[in-house]
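Numbering (the numbering used here), first residue to last: 1 to 393. Built from N, CA and C at the ideal position, the CB exists for glycine as well. Report on one structure; see the data block that follows.
This is the structure we're talking about:
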């Protein structure tokens, strides 16, 4: 990130970012091409070098990826070796550059990235644009978040960024494209055979097209000139990049390339988008009592016990979502459905937030259920004292 040596990672691991002319007080996103570092044939088969996002990989899976190929990007993205894992990652990164395992593209470009996967009984394809985006504070309203972040995760990413000065994975962000100008252009640029393609161990097919034409690059940059970006995944890494930029300034170092961060940008209305839930496990909460929690929730939610087990609970949630309602299931050996009924509850407790933020189910869950009804405050959530996050129900 603060060097010209930035790997184009695979799956969620991608290129890094380079300096560009700075705009003063941008009001819209500044999207730029970059010279990416990508794995060379010396590294091995590309499918053996990729891995899913670091924060969903278990230690057993991590070891399996490395056993398949010691050049797997997980060794940089999720270092676990040595007494100082971040220093080890930095040394390994330098070694791979020197050995030619990673090589930088000769010219800047945009990278069209597509995933093809099966979900909910259907095959989906999602196509996005990998690029570098100028860092802006959330208060500027250019890049917008939708969730709170966790201190532990930010500390880990910050140490890795200080050691390596590189983005090994991209922020996943969304944008509106009402006239489909970007969609049409991106589709036309990816009609031919991809520059690279591979299938991950999870069955997901990945395709990458490299776009180096200067006129096309200028056109893409111009089409993003009126866009705002909405972070879908990567809040911790974005905030870490902001902290890293501040840290460099405090050290008396000009941020340079650290003014930018790697992003994958996807059309908000892309038909291939699928959103999967992240579940919260409540642990070691002193004095926890389900009956008391349900009683507290009843002031803002309709509460109902669900008979029929997990499948019945999932079907009920699906029906609630289809009706446009915000609902959750609380499991403590039995299933309890919570359906928001007080439409003004979020506006009352978080009047300084936008209506869009107030209407997000994650905002409702954290603010009303976890904080107000269970007594788990924001500091507790940030430190994960009483919470565990999992995607496996």
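- Counting along the chain, the unbroken alpha helix (DSSP H) around residue 158 starts and ends at 151-164.
- One alpha carbon belongs to residue 191, the other to residue 127, and they sit about 12 angstroms apart.
- Residue 156 and residue 34 have their C-alpha atoms spaced approximately 26 angstroms apart.
- Per DSSP, reduced to three states, the secondary structure at residue 235 is helical.
- Taken in chain order, the complete beta strand (DSSP E) segments of 3 residues or longer contained in the region 263-344 are 279-282, 301-306, 327-331 and 335-340.
- In this structure, the CA atom of residue 207 is about 16 angstroms from the CA atom of residue 36.
- Spanning the alpha carbons of residue 258 and residue 121 requires a straight line of approximately 41 angstroms.
- In its chain, beyond the 5 residues on either side, 340, 361 and 364 have a beta carbon closer than 6 angstroms to the beta carbon of residue 326.
- Residue 212 and residue 356 have their C-alpha atoms roughly 37 angstroms apart.
- A Cβ-Cβ separation of about 27 angstroms leaves residue 44 out of contact with residue 84 under the 8 angstroms criterion.
- Shown here, residue 42 sits in a helix according to DSSP, grouped into three states.
- Inclusion of residue 143 and residue 225 in the CB contact set at 8 angstroms is not warranted, their separation being larger than that value.
- With contacts defined as CB atoms closer than 8 angstroms, residue 279 and residue 372 fail to qualify as a contacting pair.
- Using a 10 angstroms sphere on the CB of residue 255, the tally of other CB atoms reaches 16 or more, which defines it as buried.
- Rounded to whole angstroms, residue 338 and residue 31 show a C-alpha spacing of 41 angstroms.
- Take the alpha-carbon of residue 40 and the one of residue 201: they are about 20 angstroms apart.
- Here residue 245 is buried: its Cβ has 16 or more other Cβ atoms, across all protein chains shown, within 10 Å.
- The beta carbon of residue 316 sits closer than 7 angstroms to those of 306 and 337, all from its chain and outside the five residues before and after it, given in chain order.
- Going by C-alpha positions, residue 61 is about 43 angstroms away from residue 342.
- Counting C-beta atoms within 10 angstroms of its own C-beta, residue 135 has 16 or more neighbours from the protein chains shown and is therefore classed as buried.
- For residue 102, the uninterrupted beta strand (DSSP E) run begins and ends at 102-104, by DSSP.
- Distance from the CA atom of residue 261 to the CA atom of residue 169, rounded to whole angstroms, is 10 angstroms.
- Burial of residue 167 is indicated by the presence of at least 16 other C-beta atoms within 10 angstroms of its C-beta.
- Distance from the CA of residue 281 to the CA of residue 370, rounded to the nearest whole angstrom, comes to 11 angstroms.
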